[in-house]
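*Asks:* Residue numbers (my numbering): 174 to 506.
From the three backbone atoms N, C-alpha and C, an ideal C-beta is built for every residue, glycine too.
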């Protein structure tokens, strides 16, 4: 069974409520209909009900069972506005500004619903930048207890692939931290290993990627990754992590045997930590487009409640998958 089918099966066992604020996006409406058909989550769409239903009808999308909340008429609007005002008062928020924000920004409205336990998670980003999704999540929900850094990852499901966990990998950070320090790379490695274990159910083998393998090249960029591995070993002694490793040494056993003898990770890594956002973003898109892999994310790790971003190039099927993953994250929370 494909990874995403396993996630959907898991989501159906304890159905959670996910809010989709981008009701003006056709992919979101198409995805909402599919989610309801598959019964992987209860859904809330934000916006004008008449318009949403007319748009859905034009698409042939059946939204039966979807709850539609219009901030203009929602009886909880004033409660959300007062709560947002009190949360952000020290940052200059006024009650009037809170009302204006909630009416203008449906992502913030959806995050408030998650904050007040009217939804278990949120998925957005089909037509918004990552910052538009992340900012209200961090401002309102804050980071999870003990979190040192919020980061983003993709679950990559590669067809007909003998590497990783039967073709399933976690790539990080591919959507958020642009140039993480060695300390931040170590934190991302630990968070990603936990996410992989929780979602995929396999033991994580974490490779810190570089253009060098075990000292084959000398450069400040290599030094950063070497230091990250050292920090990870000291800070997270139970973490199965190694590096620096080139991609082939990380996942191909025969290459690992010649380039990284004795490594417990090389040749069978399933969690790949990229040295910066350029590498991560380019890497996941190459695998997605050329290997025809399913890419689910960018998922966010480290926020107090499940909020996940989407690539603006996502398909309706991608949204369906991220909703299922968000529901599973809500179960774990």
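Can you find the residues in the same chain that come closer than 7 Å, C-beta to C-beta, to residue 477, ignoring five residues on each side of it along the sequence?
*Replies:* Only 314, 315, 316 and 317 meet the Cβ criterion.
*Asks:* Taking DSSP's pairing of strands, which residues face residue 344 in a bridge?
*Replies:* Note: residue 344 sits in a beta bridge opposite 327 and 445.
*Asks:* How would you label residue 277, buried or exposed, when you count the other beta carbons within 10 angstroms and need 16 or more for buried?
*Replies:* Classification of residue 277: exposed, given that the 10 Å Cβ count is below 16.
*Asks:* Based on Cα-Cα distance, which residue from 489, 488, 470 and 486 lies nearest to residue 499?
*Replies:* For residue 499, the nearest C-alpha among the options comes from 470.
*Asks:* Following the continuous beta strand (DSSP E) through residue 471, name the residue where it begins and the one where it ends.
*Replies:* Residue 471 -> beta strand (DSSP E) spans 467-474.
*Asks:* Between residue 228 and residue 410, what straight-line distance do the alpha-carbon atoms span, to the nearest angstrom?
*Replies:* Rounded to the nearest angstrom, the two C-alpha atoms are 53 Å apart.
*Asks:* Run through the region 371-449 for me and flag every whole alpha helix (DSSP H) of 4 or more residues, listed as ranges in chain order.
*Replies:* Taking only runs of at least 4 residues, the alpha helix (DSSP H) segments lying wholly in the region 371-449 are 393-408, 420-424 and 426-432.
*Asks:* Is DSSP giving residue 238 helix, strand or coil here?
*Replies:* Residue 238 falls in the coil class under three-state DSSP.
*Asks:* Once DSSP output is grouped into helix, strand and coil, what is the label at residue 188?
*Replies:* Coil, per DSSP.
*Asks:* State the CB to CB distance for the pair residue 211 and residue 181, rounded to an integer number of angstroms; the pair is presumed to be in contact (CB under 8 Å).
*Replies:* Their Cβ separation, rounded to whole angstroms, is 6 Å, which keeps residue 211 and residue 181 in contact under 8 Å.
*Asks:* Can you name, in chain order, every residue of its own chain whose Cβ lies under 7 Å from the Cβ of residue 400, other than the five neighbours on each side?
*Replies:* Once the five neighbours on either side are set aside, the close Cβ partners of residue 400 are 355.
*Asks:* For residue 494, name the three-state secondary structure that DSSP assigns.
*Replies:* Helix at residue 494.
*Asks:* By DSSP, does residue 509 sit in helix, in strand, or in coil?
*Replies:* In the structure displayed, the chain extends from 174 to 506; residue 509 sits before or after that span and is not available.
*Asks:* Distance check for residue 257 and residue 270, CA to CA, integer angstroms please.
*Replies:* Looking at the two C-alpha atoms, the distance is approximately 10 Å.
*Asks:* Within 10 Å of its beta-carbon, does residue 381 have 16 or more other beta-carbons around it, so buried, or fewer, so exposed?
*Replies:* Label assigned to residue 381: buried.
*Asks:* Count the other CB atoms, across all protein chains shown, that sit within 10 Å of the CB of residue 455; report buried if there are 16 or more and exposed otherwise.
*Replies:* Exposed, because fewer than 16 other Cβ atoms sit within 10 Å of the Cβ of residue 455.
*Asks:* For the region 220-269, which segments carrying the beta strand (DSSP E) assignment without a break, of at least 3 residues, lie completely within its bounds, in sequence order?
*Replies:* Qualifying beta strand (DSSP E) stretches, in chain order: 240-242.
*Asks:* Might you give, ordered along the chain, the residues of its own chain that have their beta carbon closer than 6 Å to the beta carbon of residue 221, omitting 5 neighbours on each side?
*Replies:* Same-chain partners within the cutoff: 243.
*Asks:* Are residue 338 and residue 375 closer than 8 Å when you measure CB to CB?
*Replies:* Against a cut-off of 8 Å, the Cβ pair of residue 375 and residue 338 comes out as a contact.
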